Amino acid sequence: MSDFYRKTAVVFSTLFLFSAIVAVICIKQSYLEVLLFPAQNSDLKWFASAHSDSQTNGESTVVLHEKEERLSYSFMLSPAAPAPYAGVSLALGSLEPFKPSIDLSMYSTLTFNAACDTASTLTVTVNTLDSSITVPDDPLSYRPAVAHFSCKAGGSNADIDLRRLEVPSWWLRAQQIDLANRQYFLAKASHMNFGISSQTPMHQTTQVIIERLRLQGRAWAWVFSLIAVLVVIWAGFIFWWLKFYTQSMIEMLSEKSKNDEQLYVKRELKLESQGDKNKNAVLAYMSEQYTNPELNVELAVSALGINRSKMNAILKEVVGLTFSAYLNKLRLIEAARLLAESESINVAEIAYSVGYNNVSYFNKLFKDEYSCTPKVYKSLLQSESA
């Protein structure tokens, strides 16, 4: 069995190391992150443009200062329009505004740092295509999903949960859509807007700087693939281990049987060569009486008229065992034979038939002798014959 344990340790260590490496790679690959700044290094192409209500006869203004390394713009709101607006739009996946949508469904968080020279509450909006409403050249026909964030002079980090954005009621009413219909589809994202809120001050020029803009999420396909690979690897290991264990146990038990046979052969050779009556008497008595549950060294000494020391000396010389060890050896060898030859007899019956009144004690001795329980021993022999 030493070969079995050595090979098991080597295979287990190799698979564990391989599994750890695969797990690290897959888990690392499952974390997604896309930096939008600087634009030339971003994996996600985008186009920035400024918009205000001046396009609909309002008086609000917005000026885009920088859009490559960071998003920097200034705006001033005027109440002249019924719905004042000023902001910057990023067309996603395109270098032109309002082009076909891209899939952002694998991203769960939008993070950035926002700084304003005048403290204000601003909004970030992800506009998505609504197949029943959206008109490509009409910005207001894209379904908006909005989140608010604080913007102050010292700058602050914003973490926007893309799965908990809010479709505003004014847009639903304008499009004559049920106010309960507030779902949006990140799989059809078109552009992202940084704009004002109802708490943005009027008649005041505000400069906004957006930095470290990034999308974060998980590619769960990598995690599921990892689970599938690990299941296949370790299921294969368990199958191999069980097969190899069975084969090793059968080989060990076969070797054990050969050693037991040699024990008898050596005993007989010694008896034939020496012709010692005491030795013959002791071994014959134990061979006949070992199934007696009451048999012990005192009973044997009394029956044979040999003192205890002499009896143990004889057994040590002939079989190399003490009285109790040899008695258990005879009983367990017979139990193994019965397990191998009988299909119907159960373990308890075998224990009683070879001289044990306690089945649990028999199971313990058998496992110590054969490295497996009687039931496992029987199943291994059956699998070998199969």
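Letter 106 of the sequence shown, counting from 1, is numbered 106 in full-length UniProt numbering, and no numbers are missing.
Here a beta-carbon is modelled for each residue, glycine too, at the ideal position from N, C-alpha and C.
Since we're looking at a predicted model, the values are computed, not measured.
Following the DSSP letters along the chain, one finds Asp3 in no beta strand (DSSP E) but inside the alpha helix (DSSP H) bounded by residues 2-30. In this structure, DSSP gives Tyr245 a helical state, which the three-state scheme calls helix.
Taking all protein chains shown into account, Asp53 has 16 or more neighbouring C-beta atoms within 10 Å of its C-beta and is therefore buried.
Of the candidates Met249, Ala48, Phe16, Ala48 places its Cα closest to the Cα of Ser94. Here DSSP, grouped into helix, strand and coil, assigns Arg70 to coil. Going by DSSP, Asp368 is part of the alpha helix (DSSP H) stretching over 359-370.
By DSSP's assignment, Ala119 forms no beta bridge with any residue. The segment 146-153 and the segment 109-117 touch, with three or more beta-carbon pairs separated by less than 8 Å. Within the segment 138-168, the complete beta strand (DSSP E) segments at least 3 residues long are 143-151, 156-161, listed from N- to C-terminus. According to DSSP, residue pairing for Phe112 in a beta bridge involves Ala158. Taking the C-beta atoms as reference points, Ala81 is found nearer than 8 Å to Glu59. Assignment of Glu33 by DSSP, reduced to helix, strand and coil, places it in the strand class. Taking a contact to require three or more Cβ pairs closer than 8 Å, the segment 300-311 and the segment 274-292 qualify as touching. Bounds of any alpha helix (DSSP H) do not take in Asn193; it lies within the beta strand (DSSP E) bounded by 189-196. Going by beta carbons, Val297 and Ser254 fall outside the 8 Å limit.
DSSP, read as helix, strand or coil, puts Gln175 in coil. In the assembly as shown, His203 is an exposed residue. Its beta-carbon has fewer than 16 other beta-carbons within 10 Å. Of all C-beta pairs linking the segment 330-341 to the segment 225-239, fewer than three are shorter than 8 Å, placing the two stretches out of contact. At the C-beta level, Phe185 and Val208 stay beyond 8 Å of one another.
Taking the C-beta atoms as reference points, Ser72 is found no nearer than 8 Å to Thr128.
The Cβ atoms of Ser120 and Thr200 lie closer than 8 Å to each other.
Straight across, the Cα-Cα distance linking Trp240 with Val231 is about 14 Å.
Bridge pairing for Ile210: Leu71, Ala114 [DSSP]. In this structure, Asp159 and Thr109 form a Cβ contact; the two beta carbons are roughly 6 Å apart against a cut-off of 8 Å.
For Val318, the enclosing alpha helix (DSSP H) stretches over residues 308-318. When DSSP reads this structure, Leu215 sits in a beta bridge with Val34, Leu110. The beta carbon of Lys329 sits closer than 7 Å to those of Leu321, all from its chain and outside the five residues before and after it, given in chain order. For Ser52, the enclosing beta strand (DSSP E) covers residues 46-52. With a cutoff of 8 Å on beta-carbon distance, Ala335 and Gln29 are scored as not near each other. Annotated as distal: Gln216 and Leu36, with beta-carbon spacing of 8 Å or more. Taking all protein chains in view, the Cβ of Ile102 is crowded by 16 or more other Cβ atoms within 10 Å, so the residue is classified as buried.
Leu165 sits close to Ala145, with the two beta carbons spaced by under 8 Å. A distance below 8 Å between beta-carbons, with the five flanking residues on each side excluded, links Leu380 to the following residues of its chain, in chain order: Thr246, Met249, Ile250, Leu253, Cys372. Taking every protein chain shown into account, the CB of Thr56 has fewer than 16 other CB atoms within 10 angstroms, so this residue is exposed. Residue pairing for Thr322: DSSP places it in no beta bridge. Looking from the CA of Lys7, the closest CA among Met286, Phe237, Lys367 belongs to Phe237.
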